[in-house]
Structures are given as structure tokens and as C-alpha cells.
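Shown next, in C-alpha cells, is the structure this report addresses.
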Amino acid sequence: MRSLALIALVLLLLPSAGWNQPFTVELTPLTPLVLPDSGGTFSYRLSVTNLGPTISADIWGTSSRPSGSAGPSPGPVTQTFQAGETMTWERSVPLTQGSPVGYYTLRAYVGLHPGAVWAGDTLQFQKQMLTGGVIQEWTARFNGMGNYEDWSTNIVADDSDNLFVTGYCTGNGSSYDYMTIKYSSSGIQQWIAQYNGPGNDDDEAYDLACDEQGNVYVTGGSYGNGSNYDYATIKYDSSGVRQWLARYNGPGNSHDIAVAIIIDDDGNVYVTGYSCGIGGDEDYTTVKYDSTGNQQWAARYDGPASNNDRAYSLASGSDGDIYVTGESNGVGTSDDCATIKYNSSGDQIWVARHNGSGNYEDCARSLVLDAEDNIYVTGTSYGSLTSWDYVTIKYDSAGIQQWIAIFNGLGDAVDQAFDLAVDGAGNVYITGFTQIFVYNDDCATIKYDPYGVEQWVAYYSGPGAIDDYGYKLALDDGGNVIVMGSSYGDITTIKYNLNGVQMWVAGYNGPANAVDHGLGGLHVDIAGNIYVTGSSNGMGTNEDYVTIKYSSGTLLNWQSPTATAFGAPLPQECRLLPPSPNPFNPLTALGFTLPAAGHIRLKVYDTAGREVRTLVDGWREAGNHELTFDASGLAAGAYFVRLEAGDFTQVQKVVLLK
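Count the sequence shown with the numbering used here and you get residues 598 to 1255, in order.
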């Protein structure tokens, strides 16, 4: 990348230069901030204004590449500015097709080089990939020992950004087995845990959860010895060593499949799914285990028609209550959406049912709660004139319906919703698919306001204009909406901004160039990195697990350095300053110095080495920085604050009093 070439004009020496001179510096883009993958030229204008008397000043710059490595650092050049004078220069940065993809940063400063910075500005631009800015950081594939079908079903992460993927793989002569894998945040496999049930037949894991200690819990359906499928729930420690196994065989001694799992703050484990009763029909069945795997209760729900009832999703409330939703057969209504609240003892508090206007098959697929314990469910409801439509319902904690939203797509045909999320303001986001016409399904993602009023609908029709489905949805901390699913046989991930504008699409086509399934899981971390898992055809290996990490930063237009002390020397070294006060309760000030801008991490760990807080994980300008560490919610004791900046690392001990 070419340097920021700053033109030096005639030097006029003055009797005194002084410090804290009033200047402004502005870097302004003259071309779009995003260059295509094929390359191009980014142009910008540098404007420097002297707001004080005539003076001589130095102008210099720095730059960095997408990898974070330093680029050219031009200058300093010395310039004389008359009182009130503004000088401008226009420059360009050409990038070829082979230039690295990502964010390039330009910085300009005015002052007395190198010690005094009076003003400065930063400008960042991006060279994007063909997918529109998303970067595929890594891909991890797993082929089971049977070299046959391996199906990944979900993904979670612990507080240290380790990833856990589960599903089922063909074992060595044992049909399908549970297969759970732990990856580091860099995609390096840490361990594999396999489970073959007592029936030595099919064992299929469908969901997993992780606690604060990095233990992982897996549940699904496992073939028993003379008991057909049973719920099988397993706890592994952070090293992949099994801690306990709990099996549940329903009263019908037949088909019992667990599909969802959660953990409460006390370490209790809840699983739900469907289990055959004495008459052979399936019932909602929710089971609670304590932290050591002992069953506390099993709550069964047999709907009004005493026919098949299947639970698909569950969540816990702030008071320890449990909420479950799915599909339940009604009397003369076929399947209805049915949502149930249980107290912490497993007693049923209420049931809320929804029968669509078509009096036919209705099914709730996903359930979430907001901060006030309002319940949101989404799924599919049959309309009398519209076939299957998205249905989204909000209930209060007493089970009273607050609103219902029906979405009938453009094709007036089959529309099915699969997942939802709610943000901190109570807005609700749904994804699924809508049938435009026969054999043409498009992914359709919807935003509703807190009152159930539709705000926008975002359609996605992939390159093949066929078979586009949204299966999973998540929100990042910036309010962006992430959808994962399938498009024309590829695993597809889409990012929308908060207004429903598509920001990028990333497709994954496996090595066999065959059908890849986006039916697995989606996770978004605090930094906005996106992790997806699904199943992908390999070369001669049939379906394999595939797990992918994507990153996509927020594009900065321009900003003034927020932490540089203008008129004072820049720090000469990285340093983590002593916390003040220390000991503290619950607030203390943390400071650090940076001699150059860069990506830094400031994290807090307990004495066991577990990360308990991330205070900073991002770009910071050169200068002195200070923030407040609020330890509310942490136990009294010693903690360690760790600063990482490039190759520099420093740790300070702090003591929290109560």
C-alpha cells in the first residue's frame, strides 16, 4: 500500500513554537469506502487547519493493513501555517486484486514530531470479498469413523469462546452414535466424545448447552436395551470426560426423543421433547435433573385429543419457571400450537393453545423470553384461505396473549417459520421460508416492533432461485440480524442490518460440490464473529460435520483519535497502570497506555484462570486510556486483569471486597 504522501511546503522558522496549539485534522474519503474484490483505487483528502497564530508544525502519518501489521509511516514534514489557514492534499491508494482482503487504516497527525500531537484523524476503508465484506476465518470438517453419514445438529460456545458441536455420526459397527467435538476459538479440535447407547443401535444427539465452568451437556434420543429410543442426557467436563449419564424411558417403553436442553443458574438441567405414553401416543415430556444428573421430576403433557404431542423448544424464566412449546393434537382441530408454563417443581401453571383459522395443522417451532418474562413463540399456522403461514405470538408471564402476527408470503402458499429472537427493546425477528411459486422457496426474515407490527420483510433468493431456507437466527451486539440456512444446496449465512438491508451473503459449497445442509446451528460472539455448523458432502465421505467461522467488522468512516492527549507526548511504551482503588468494591479504575494504535484485549480472570469479563476487545488509538471495571455480580476475592497488545502482555492483580 502506498504511503500517505504529505507534501512539504516552505519552512518558516518562528521565534516560538509552543505547545497545545489549536489545530484540526480531517481525513475525508473521496471514493466509496468499500473496494471490490477485484481491486481498485481509494482516494481521500487531508485537511489541516490552524486555529491559532502563525506557527510551524510537523505533519506525519501512519497506516496499517488488514492483518494489523503496520504499513508505511510517512513524514514528518514541516509546514508553516498562517493564522486561520487551511491546507488540503488529495491522495490515492491503489489496491490490486491480490491485495489482502479486509480493513486498511490511515492516520494523520499535526504537532511536534514525535512527542507532541496537537490534532489527528483516522480513516478506514475496506477491500471486500465477493461475498460483500465477510471473511471466512476458518473451516473445520469432521468425518466419522464409519466414513458414512455424519450430521451436525447444533453449536454452543463457552465464556472463553471455545466451541462445542454435537450431532450424530456413523460409528464402528454401531449405527449412529452421539458425537460431540470441542474446538478452540481458532478452529483447532480439542477433543471428541462419542456415545454408543446400550442398544448398540442409533443414538442421535440434537441439542447441547454449556455452563460457566465450560462443562457441556448433550441430549437426544438413544436406543436402549429393550426400550426403543430413550432420552439420553450426558454431562462432559471441559476436557471431554463424561461426568454423568441420565436416561429416561417413558411409560410406553417406546419412542422417546429429547430435542432441546437448557441449564439454569443453579446448574439444574432441563430437557424436553416427546415420549410415548402407555397408549402408544407421544406426549410433551420435560425432565429436570440436578447438577449431578439425578432426575428431579418429569412433566408430561397429553393434549385434549390424547393423540400425538411433540415439544420442540424450551426456556427458563427469571423466577425458575420453565416454558415449553411445540405441536399438540386438539379435538377436531388437528395439531395446534401449545405453550406450557411449569414452576420449578414441575407443576403445570398454564397452557396456551393456538388453532389457526384453517382449523388444520399448526406447529410452534421456537420459543424465547424477554427480560420481563414475556414469551414469544413462532412457527406455522394453517389459514383458511392462505395455506400455511408464519405465526408469531406474544404471551405475558400469566399466559395471556398480547398479540399475534400472521405472515402470508407473496405466493399465497406454504410459509414456514423456524426460529426467532427478541432484542432489548422488545423487537422480534423471525426467519423461515416462503413459497413464491411451486418449487421456488425464498428465505424470508421479518422484524416486528414490540406491539407485533411488521417493520420490514427481507427476502433472499439465491443464485439458483430455488430452495432458499432460513433455519437459524441470531442478533449481534450492533443490532444486526444473522440468518443461517440453505440455498440451492449450499450452507448459506446472511447478515442484515437493523433496517433489514442485506449486508452480505456467505455460501459454503463443500469439496464434493454436492448438497450441503444448513440445518445445524448458529452462534454469534460478543465481537460479532459468526459460527455456523451443518453437514457437507466430502469427497467419498458422504455427509461430514462442517463448522465455519466468519468475521465482518463495522466499517468506520472517519473519527478523531479518542484517547490521544493532544499537546502532550505520546506514551513511549505499552503499560497496564495500577488499578485505583485496589482493593475495591465494586468499582475500580483501570488505565493503560499505547505508543501506537492497534487491536488490544483487556480481560479479567479468576484465580482458576477462567475468563470472567471482557472489558476491551477491539481497536484503540495511541495514547492514554482509562475505564471503569464494575465487578458487581462477582464473588469476593482476587482477580487478574490482563492486557494484550500485539506481542505485549501484562497482568495486574486486583482484590474485590464485599
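Just so you know, even glycine gets a beta-carbon here, dropped at the ideal spot from N, CA and C.
Helix, strand or coil: which one does DSSP assign to residue i?
i, result
"residue 723", "strand"
"residue 1058", "coil"
"residue 1080", "strand"
"residue 1100", "strand"
"residue 1221", "strand"
"residue 662", "coil"
"residue 950", "strand"
"residue 646", "strand"
"residue 737", "strand"
"residue 1143", "strand"
"residue 1111", "coil"
"residue 853", "strand"
"residue 1122", "coil"
"residue 1228", "coil"
"residue 746", "coil"
"residue 1011", "coil"
"residue 1171", "coil"
"residue 1138", "coil"
"residue 630", "coil"
"residue 871", "strand"
"residue 1150", "Any answer about residue 1150 is weak, because its pLDDT of 45 lies below 50 and its placement is not dependable; what the coordinates show is given next. The answer is coil: DSSP assigns residue 1150 none of H, G, I, E or B."
"residue 839", "strand"
For residue i, collect the residues of the same chain with a Cβ closer than 7 angstroms to its Cβ; drop the 5 residues on either side in sequence, then sort them by chain order.
i, result
"residue 1060", "1085"
"residue 952", "927, 930, 933 and 959"
"residue 1018", "965, 1026, 1070, 1071 and 1072"
"residue 562", "For the chain, the structure presents residues 598 to 1255; residue 562 sits outside this window and is missing."
Would you call residue i buried or exposed, if buried means 16 or more other Cβ atoms sit within 10 Å of its Cβ?
i, result
"residue 937", "buried"
"residue 907", "buried"
"residue 1115", "buried"
"residue 986", "buried"
"residue 962", "buried"
"residue 580", "Coverage of the chain is limited to positions 598 through 1255, which leaves residue 580 absent and any answer about it impossible."
"residue 1185", "buried"
"residue 889", "exposed"
"residue 923", "buried"
"residue 618", "buried"
"residue 1177", "exposed"
"residue 839", "exposed"
"residue 1089", "buried"
"residue 681", "exposed"
Starting from residue i, trace the beta strand (DSSP E) in both directions and tell me its first and last residue.
i, result
"residue 965", "960 to 966"
"residue 970", "Run containing residue 970: none; DSSP gives neither H nor E here."
"residue 766", "760 to 767"
"residue 1240", "1234 to 1242"
"residue 684", "683 to 692"
"residue 911", "906 to 913"
"residue 1246", "1245 to 1253"
"residue 626", "620 to 626"
"residue 826", "826 to 833"
"residue 865", "Note, residue 865: premise wrong, no beta strand (DSSP E); not H, not E."
"residue 704", "699 to 709"
"residue 810", "Unbroken run through residue 810: none, as it is neither H nor E."
"residue 884", "879 to 886"
"residue 988", "984 to 992"
Suppose the cutoff is 6 angstroms on Cβ atoms and the five residues either side in sequence are ignored; what does the same chain contact list for residue i look like?
i, result
"residue 844", "827 and 829"
"residue 788", "779 and 837"
"residue 706", "657, 714 and 717"
"residue 645", "622, 684 and 707"
"residue 1099", "1093"
"residue 975", "963, 989, 1014, 1017 and 1027"
Our contact map puts residue i next to residue j with C-beta atoms below 8 angstroms; I'd like the distance itself, whole angstroms only.
i, j, result
"residue 1257", "residue 821", "The chain is shown only over 598 to 1255; residue 1257 falls outside these bounds and no answer can be derived."
"residue 1051", "residue 1043", "6 angstroms"
"residue 823", "residue 801", "With 8 angstroms as the limit, residue 823 and residue 801 do not qualify as a contact, their Cβ atoms being about 19 angstroms apart."
"residue 971", "residue 991", "6 angstroms"
"residue 638", "residue 690", "7 angstroms"
"residue 1067", "residue 1029", "6 angstroms"
"residue 885", "residue 898", "That belief does not hold up - the Cβ atoms of residue 885 and residue 898 are roughly 15 angstroms apart, past 8 angstroms."
"residue 719", "residue 702", "6 angstroms"
"residue 814", "residue 805", "6 angstroms"
Can you give me the Cβ contacts of residue i inside the same chain, cut-off strictly under 8 angstroms, excluding the 5 residues immediately before and after it?
i, result
"residue 879", "852, 871, 872, 873, 905, 906 and 907"
"residue 980", "953, 954, 955, 986, 1003 and 1005"
"residue 1245", "1171"
"residue 1135", "738, 740, 1107, 1108, 1109 and 1141"
"residue 1053", "1043, 1044, 1096 and 1097"
"residue 627", "640, 641, 642 and 687"
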